[in-house]
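Chains as they are written, first to last, in this note's numbering: chain A, 5 to 459; chain B, 5 to 459.
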């Protein structure tokens, strides 16, 4: 019985490799990387220094090196690419799928890019890459590849298999074969399974499936992901305005899109300005966090000013200060809950969604309901447990009710407005909006208190 | 030229369908659903009443009805299933893939499940489903399907194609053919492309790829998703402890896993206790949100008590009250940022991760750095812009520094501890922890103020 080897990355392995590099023990390095998956080798290079990574890449077969380059962390890739000869990069790009080649090229500055492009000998590959570079990064065109198998509807199975054979080297994974007419327009799809099971002279026309879901080349990648997820697609053809087949997107790329979009939302919500990882340096992490923290601090300083205006009243009724955290925290929590529901529903929009008006009123009803429950609860505790006079209980309870309404309103409206202007609505659950809500909440709280307590 | 029809859901379409149902116009209903994708029909049924949905399902072909049932929203599915005859459900489940059948069965209560199982005639399918039901829902075993193509290494290509033909009806999508020995142990994989391109009497043994990545049946689904994403797999075989091939997981199921896990994290962070959607009723939304809001309110009420203890000092130095929001907000923001970084890195763990000790010190350094910047900034504003006396500026600045340290510590340690106990670490960025941080921060702030200002 043969054993399936699952490769385990370990620090010991990494250290032995680094020793091998230091000793320039070429055989040892090649041996220890032999049979290791490209994704694992890339993960190893991410941990090595830039010089070590380049040393290893140059020792490996060209195709392997190209595959590894694609899998590297963006930070590592940028560093490595800058040090390599443009001729090296060019020859590696020739060995990549067009979409990966375009991704690598887009890591260069405009000027360097020209130099690398000049080194790419394969004219067809180059044209494909240049076409892909023209599309926006976050659209179907930006993530599609030019490598896919197409069959003319007039072909038979034998001709189609010949085409698969011809393209076998270029197209790594075949899910569906796309069926086109003489004008390159998409007509449908036929699965590899059907090809295998059909007779040799069966015509494609007779076995292909007209029900094919395609996406237009300018569709946002998030929408593409939603469609692939909804319809359980393993790949989707991309068409231009004239219905011509221009590329295909595979589900492994979409898996990355879904993860990235989710990470982006969480980063927006937690107020981290750049795409940082735990392995980044202290200074990098600190710098990515400071801007949003400073916004929060500025908000807090403005809050101090606002409370300062009510100082005379506050001095007469000191207990008001005690309930500042209650008001601020509740406003923040309500705002985040309301906005996150809207953000979630914007991400999975459907034709049966509520209209903005319906959303507004629904949000209002939820807020009124929760506001009444929370306000009443706080009134009871303040008066009967903490023993304050009833008018003070009414003040705190009513202020809380108003803050819940206000925060809910802001939490509902802000993401809708941001979305309208093409800004990621998830930042509505982030520090900027939370800070704004805090300030509004404080003003409402003290305003109501001054009025009801006649201060 | 044929036109690719992209089905567009609309409210008008929905209304016309509802009218058709009311008039019991069977032909109209069948016509208007003809050629519509199952996922779209399911989305329509989600909008209909339970009675309308059942009426439509019973009009359709059995296989179509079974496919739609799988795609329904969980809420809709539960309602519909409860009203159907157990014999109907049983006959539909027979037409599903084993993993979908298991999912549908798991929506029933223990007792009802027995009744439905008794109605399933297909013994093989039933056995497969019962096996799947034994695995934990969130593991590889819980999401895998029993439908896949396997080939013995001693077979040739002709025999393998015969097996594909035999299984063609059961296995909808074929990505790879798994190669096994006589003891059903996984040896490797061979792609459909290779089968097509190989000669008819080529032995599988000679063309299969030994480098196959498999996952153990008890692996957590999040880990499976990470592996499939890392290695760009379209499907992954699942093996038991004896290396026997027991199932396969396809990437379309993993796409759902990635999205669900991301949604779960965001829900944990925003303190919504149940899986709610915007389309749910006001009461449902309100109920899902109230528990966490109440925790926040209870925290706020305890905060009021804490501030109450310092009332004497506060009355002597009223301006302390003004800076409560600053301290609370900064503590909250720092805590969320720190915890979200840890949560993110826990989700994509690698062998080269920092040790807990390294994490702790790195977090500490970032906190010290940010604390110094923020503390100094606040000191300058308080003294030179707001014109307070220097000792007060020092108090606010130093308190802020300490709160940043404390919140960062809590934000780093809490998710690590939660993770150790198998709890979703994302709740560390949620209301419960934020509330705790607020209370600790208030205590530190007033404690420092009382000491430095000698109150």
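C-beta atoms are modelled at their ideal positions from N, C-alpha and C, and glycine is treated no differently.
Next item on the list: Consider the Cβ of residue 233 of chain A: report whether some Cβ of chain B lies at a distance smaller than 9 Å.
Entry: yes
Item checked: alpha helix (DSSP H) runs wholly inside the stretch 176-222 of chain A, at least 4 long, in chain order -> 196-201, 208-211
Next item on the list: Go ahead and pull the three-state DSSP assignment for residue 90 of chain A.
Entry: helix
Check: DSSP three-state call for residue 275 of chain A: helix, strand or coil?
Finding: coil
Notebook entry, point to check: Rounded to a whole number of angstroms, what is the C-alpha to C-alpha distance between residue 316 of chain A and residue 400 of chain A?
Noted result: 18 Å
Next item on the list: Consider the Cβ of residue 296 of chain B: report whether some Cβ of chain A lies at a distance smaller than 9 Å.
Entry: yes
Note to self: My output table needs one value for residue 76 of chain B: the three-state DSSP class, helix, strand or coil.
What the structure shows: coil
Note to self: Taking only three categories from DSSP, how would you classify residue 9 of chain A?
What the structure shows: Low local confidence applies: a pLDDT of 43 at residue 9 of chain A is under 50, so the model's placement there is unreliable, with the coordinate-based value given in what follows. Residue state, collapsed to three classes: coil.
Next item on the list: Write down the C-beta distance between residue 134 of chain B and residue 286 of chain A rounded to the nearest angstrom, noting that I regard them as a contact closer than 8 Å.
Entry: Contact flag wrong, Cβ pair sits at about 54 Å.
Margin query: Tell me which residues share the same chain as residue 314 of chain B and place their Cβ nearer than 6 Å to its Cβ, disregarding the 5 neighbours each side in the sequence.
Written below: 450
Next item on the list: Verify the CB distance criterion: does residue 381 of chain A have a CB-CB separation below 9 Å to chain B?
Entry: yes
Check: Can you check whether the CB of residue 88 of chain A is closer than 9 Å to the CB of residue 58 of chain A?
Finding: yes
Notebook entry, point to check: Any beta-carbon of chain A closer than 9 Å to the one on residue 263 of chain B?
Noted result: yes
Next item on the list: Run the proximity test for residue 286 of chain A: is its beta-carbon closer than 8 Å to any non-hydrogen atom belonging to the ligand ADP?
Entry: Ligands displayed in this structure: none; no statement on the ligand ADP is therefore possible.
Next item on the list: Starting from residue 266 of chain B, find everything on chain A with Cβ-Cβ shorter than 7 Å and list it in chain order.
Entry: 266
Checklist line | Residue burial classification, residue 453 of chain B (beta-carbon count within 10 angstroms, cutoff 16) | finding: buried
Notebook entry, point to check: Counting contacts by CB-CB distance shorter than 9 Å, is residue 28 of chain A in contact with chain B?
Noted result: no
Notebook entry, point to check: What number of angstroms, rounded off, separates the C-alpha of residue 8 of chain A from the C-alpha of residue 195 of chain B?
Noted result: Caution applies to residue 8 of chain A, whose pLDDT of 37 falls short of 50 and renders its modelled position unreliable; the value that the coordinates give is listed next. Distance between the alpha carbons of residue 8 of chain A and residue 195 of chain B: 18 Å.
Item checked: Option in A:446, A:93, A:34 with minimal Cα separation from residue 119 of chain A -> A:93
Checklist line | Inter-residue spacing [alpha-carbon to alpha-carbon] between residue 377 of chain B and residue 265 of chain A | finding: 31 Å
Checklist line | Same chain only: Cβ atoms within 6 Å of residue 274 of chain B, ignoring 5 sequence neighbours per side | finding: none
Next item on the list: Assess, as a yes-or-no matter, whether the stretch 164-174 of chain A is touched by the stretch 139-146 of chain A under the definition of 3 or more beta carbon pairs within less than 8 Å.
Entry: no
Checklist line | Euclidean distance between Cα positions of residue 234 of chain B and residue 115 of chain A | finding: 32 Å
Check: With C-beta atoms as the reference, is residue 249 of chain A less than 9 Å away from residue 243 of chain A?
Finding: yes
Margin query: With a threshold of 9 Å between beta-carbons, can residue 242 of chain A be considered close to chain B, or not?
Written below: no
Next item on the list: Out of B:197, B:330, B:380, B:290, state which residue places its alpha-carbon closest to the alpha-carbon of residue 174 of chain A.
Entry: B:197
Next item on the list: Compute the Euclidean distance between the alpha carbons of residue 260 of chain B and residue 228 of chain A, then round it to the nearest angstrom.
Entry: 14 Å
Notebook entry, point to check: For the alpha helix (DSSP H) that contains residue 155 of chain B, what are its first and last residues?
Noted result: Where residue 155 of chain B is concerned, there is no enclosing alpha helix (DSSP H), although the beta strand (DSSP E) it sits in stretches over 154-156.
Next item on the list: Return the bridge partner residues of residue 251 of chain A from the DSSP annotation.
Entry: A:242
Notebook entry, point to check: How many angstroms separate the CA atom of residue 439 of chain B from the CA atom of residue 96 of chain A?
Noted result: 53 Å
Note to self: Counting C-beta neighbours from all protein chains within 10 Å, is the total for residue 361 of chain A 16 or more, i.e. buried, or is it exposed?
What the structure shows: exposed
Notebook entry, point to check: Are there 16 or more other CB atoms within 10 angstroms of the CB of residue 247 of chain B, so buried, or fewer, so exposed?
Noted result: buried
Item checked: Candidates A:165, A:185, A:222: closest to residue 156 of chain A by CA position -> A:185
Next item on the list: Using a Cβ-Cβ cut-off of 9 Å, state whether residue 394 of chain A counts as contacting chain B.
Entry: no
Check: Using DSSP with H/G/I as helix, E/B as strand and the rest coil, what is residue 224 of chain A?
Finding: strand
Next item on the list: For the alpha helix (DSSP H) holding residue 422 of chain B, just list the boundary residues, first then last.
Entry: 394-424
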